[in-house]
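Numbering (the working numbering), first residue to last: 30 to 258. We treat Cβ as the ideally placed atom computed from N, Cα and C, and that holds for glycine. Report on one structure; see the data block that follows.
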Ligand code: CA
């Protein structure tokens, strides 16, 4: 799963792109105005931004230049209506990772997104394993010791996120910004509540919890079998 911002003012196209990427299990947000997009990019952590060139208030190229100048590191795919070589070159020079020319196939777009994620070392959808858990991000399934465990969507995302970053400690705030939508009403208590429920659903008696609390800092994935506890 990746957190993706789609910046485009053609609402029909935005709907199609959002729908397609959500079917690929990404968390997708949208912006239709240039300045709004830049502010969102600077204040949220996206893995990929799909950035149209022609936008109201600030064009895609200017957004990209300012974003990179400010140290913004998300993968950026420029979308241009024109097939002018100039636009592509300007975009790539300004720090775009890739570009697409309209009209494009949604399948092609999804493939470019995967390529940018791979290049930026954001893991894509393989089956994940941890202790006796098998987590299938594509099918949205978790098996524990071969048996189905029913998780709510955000519980699933939280588990997937932790398993994909096994040695890192995250504050509740970082989990909130990585796993929840940027405009969410969720609170830190929501994150804590999800962690409690995941533990209840997934922990085994006599074993350390699947999610370890690091006091004063936050949470990390629990120790794996054979790891020091
Ligand atoms: Ca546009």
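About 6 Å separates the beta carbons of residue 210 and residue 58, which is inside the 8 Å limit, making them a contact pair. Beyond the five residues adjoining it in sequence on each side, residue 87 comes within less than 7 Å, by CB distance, of 63, 64 and 67 in the same chain, given in chain order. Rounded to whole angstroms, residue 123 and residue 245 show a C-alpha spacing of 41 Å.
Rounded to the nearest angstrom, the Cβ distance from residue 42 to residue 69 is 18 Å, too far for a contact under 8 Å.
Rounded to the nearest angstrom, the Cβ distance from residue 135 to residue 129 is 11 Å, too far for a contact under 8 Å.
Here residue 185 is actually not in contact with residue 249; their C-beta atoms are around 18 Å apart, not less than 8 Å. For residue 140, the uninterrupted alpha helix (DSSP H) run begins and ends at 135-148, by DSSP. Straight-line spacing of the CA atoms in residue 51 and residue 218 works out to 26 Å.
Not a single heavy atom of ligand 1 lies less than 7 Å from the C-beta of residue 88.
Under the DSSP definition of a beta bridge, residue 128 partners with 107. Taking non-hydrogen atoms of ligand 1 into account, the C-beta of residue 107 is found less than 7 Å away from none of them. A residue is called buried once 16 or more other Cβ atoms fall within 10 Å of its Cβ, and residue 145 is buried on that count. Taking C-beta atoms as the reference points, residue 190 and residue 207 count as a pair closer than 8 Å. Short note on residue 91: C-beta not closer than 7 Å to any heavy atom of ligand 1. Annotated as proximal: residue 149 and residue 104, with beta-carbon spacing under 8 Å. For residue 158, DSSP records a beta bridge to 163. Relative to the non-hydrogen atoms of ligand 1, the Cβ of residue 39 comes within a distance shorter than 7 Å of at least one. Inter-residue distance for residue 241 and residue 251 is about 5 Å (C-alpha atoms, whole angstroms).
Assigned with DSSP and collapsed to three states, residue 250 falls in strand.
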